[in-house]
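So the structure is just underneath, and the comments pick up after that.
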Amino acid sequence: MFAYPKSPSDDDLKQLQARLGVTFRNKELLLQALTHRSWVEEAALGGPALAHQSYGRLAFLGDAKLGEVVARTLFDAHPTAVEGGLTRAAEVFKRESWLIARGKALGLGELLRVGRGAEVNLRGHDKVIEHSMEAVLGALVADGQGDAVERIVTDWINSYTLLLTYIESTDDCSNPVGAINELYQRKKRTSPPTPDAWSEGSPENLSWHLRLDLTEIDLDVYNGSGRSKRAAKADACRVAYQHAVTLGLL
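Take the sequence shown: its position 73, counted from the start at 1, is 75 in the numbering used here, and no numbers get skipped.
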């Protein structure tokens, strides 16, 4: 039985490292990658909670390394692929849902250090698992094991059977929003759900972001951005369209 603040056991950490195929030189980095800020605040017992003790900084490092490895792996493995195909493939491997799936497969949700008051809401939260997965990769970089990150991410990419189809597909769509609407109508006999949308920035420098959930038609959750809500939706639907083409839905 864990005592609060909860922390994974040495055996838990050994098993996680075995699943990753690595051995950390500095185990504290791995612990930090599994630490949410709520745990730091609770452990501080009213004292100052230092943000760098949580996984935030490591997630930043891991995200950067992930993008680098994905780009280099695709570039080296497919020398004849055009930019559009490489970009579509890279979008798949940097998508939130892909990282969340990797984190859940590794059992990160059960190992996370979260505060007692936040445990129910945070331990299985997708965004927390995504950031922790990025942080584990970042912890390996900080531990001097960037080569291990390259191996892990490359293995993940190579196990994704739809990769080659994404890269080789050149089927673009002039109206991705309409194509996705038609697909949804055909499969569910109703219109797609209204996507979550929000704006950032000043009125003169506004940018829109949008999250489109198409899991009801066996697709994924897609993020889009643009100078307008319409442009953000088109951006999300463009990626969804390419995914649907790959799966043979369009």
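Beta carbons are placed, not taken as given, at the ideal position from N, Cα and C, and that holds for glycine.
All figures in this text were calculated on a predicted structure; none of them were measured in a lab.
- By the C-beta density criterion, Pro178 is buried, having at least 16 other C-beta atoms within 10 angstroms.
- For the 8 Å CB-CB criterion, Pro194 and Arg213 do not form a contact.
- For the pair Ser56 and Val116, the CB atoms are not nearer than the 8 Å cut-off.
- In this model, His133 and Lys96 are separated by some 12 Å (Cα to Cα).
- Going by DSSP, Leu63 is part of the alpha helix (DSSP H) stretching over Gly58 to Ala79.
- The DSSP assignment places 12 to 22 and 29 to 35 as complete runs of the alpha helix (DSSP H) inside the region 12 to 44, in order along the chain (cut-off: 4 residues).
- For Val138, the CB contacts under 6 Å within the same chain, skipping 5 residues up- and downstream, are Ala35 in chain order.
- Taking the Cα positions, Glu184 is about 50 Å away from Phe26.
- Taking each of Asn207, Ile102 and Gly126 in turn and checking the Cα distance to Gly111, the smallest one comes out for Gly126.
- The region 241 to 249 and the region 216 to 223 touch, with three or more beta-carbon pairs separated by less than 8 Å.
- Look at the beta carbons and you see the region 101 to 108 not touching the region 74 to 92: under three pairs across the two are nearer than 8 Å.
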